[in-house]
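For the sequence shown, the working numbering assigns the number 10 to the initial residue and increments by one for each residue that follows.
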Amino acid sequence: MATPQARGVIYIHSAPRALCPHLEWAVGRALGRAVNFDWADQPILTGSRRAEFYWEGSAGTGAALATAIRGWEHLRFEVSEDPTPRSDGGRWMHTPGLGIHYAQTDTAGNVVIGEDRLRYALEVAAGDAFELQRELEVALGGAWDEELEPFRHASDDAPVVWLHKVG
């Protein structure tokens, strides 16, 4: 049985200049081929660079990519893997202060919180609505989203078109 082809995106939100070639090497090694990123200055953090890279590979490549590039200081990134007919999608987010967060995603890119994680949140909250909200924020990766959001809007020259800028 053939492994389903997956695809996704690596967003390097901020990396020190000296780390850039090492990131390309690590991603290339995980993909089994040489890669070159189109690096740009990261205006949010002076002296750092940003890049976006679209990838294709077998299901599970997103996890391999996130593993390959995590652990370096001062690196902020996201790796996404779209779901296939036989595999779940995923999103890995990393910041220097928070480490890595993984969340399963559906076909629309929404985070999916599993039954066991929800039961855990309910148990820990023990009827306290504020604690339940905190646990759900952790499960959704709220702290990672909050820290990465300014970096996502890197510059007006970013190839992503943000809907709030339309009109």
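Quick reminder that beta carbons are idealized off the backbone N, C-alpha and C, glycines included.
As the structure is a prediction and not an experimental result, all values here were calculated from the model.
Inset, instruction - May I ask which residues mark the beginning and end of the beta strand (DSSP E) holding GLU61? - result: 57–67
Legend entry - Bounding residues of the beta strand (DSSP E) (the contiguous stretch that carries THR114): 108–114
Legend entry - Segment limits, alpha helix (DSSP H) that includes PHE160: 151–161
Legend entry - Beta carbon of ARG59 nearer than 8 angstroms to that of HIS22: yes
Inset, instruction - Report yes if the C-beta distance between GLU90 and GLY71 is below 8 angstroms; otherwise report no. - result: yes
Inset, instruction - Give the range of the alpha helix (DSSP H) segment to which THR70 is assigned. - result: 70–78
Legend entry - Straight-line Cα distance separating ALA43 from ALA130: 43 angstroms
Inset, instruction - Tell me whether VAL36 sits in a helix, a strand or coil according to DSSP, three-state version. - result: helix
Legend entry - Sequence-distant residues of its chain with Cβ nearer than 7 angstroms to VAL175 (five each side left out): Unreliable placement is indicated for VAL175, whose pLDDT of 46 sits below 50; the coordinate value is still reported in the next sentence. The answer is none, since no qualifying residue turns up.
Inset, instruction - For HIS173, count neighbouring Cβ atoms within 10 angstroms of its own Cβ and tell me buried if that reaches 16, exposed if not. - result: Residue confidence for HIS173 is low, a pLDDT of 44 falling below 50, so the modelled location carries little weight; the figure read from the coordinates is stated next. Exposed, because fewer than 16 other Cβ atoms sit within 10 Å of the Cβ of HIS173.
Legend entry - Beta-carbon spacing of ARG85, HIS103 below 8 angstroms: yes
Inset, instruction - Can you have a look at ARG100 and say buried or exposed, based on whether 16 or more other CB atoms are within 10 angstroms of its CB? - result: buried
Inset, instruction - Quick one: residues in its chain with C-beta nearer than 7 angstroms to the C-beta of ASP50, no 5 flanking neighbours on either side, listed in chain order? - result: ARG58
Inset, instruction - Would you mind giving the Cβ-Cβ distance between ALA77 and ARG26, rounded to the nearest angstrom? I have them listed as a contact below 8 angstroms. - result: Not quite, the Cβ-Cβ distance comes to about 19 angstroms (not below 8 angstroms), so this is no contact.
Legend entry - Cut-off 7 angstroms between Cβ atoms - residues of its own chain near GLY151, not counting five sequence neighbours on either side: none
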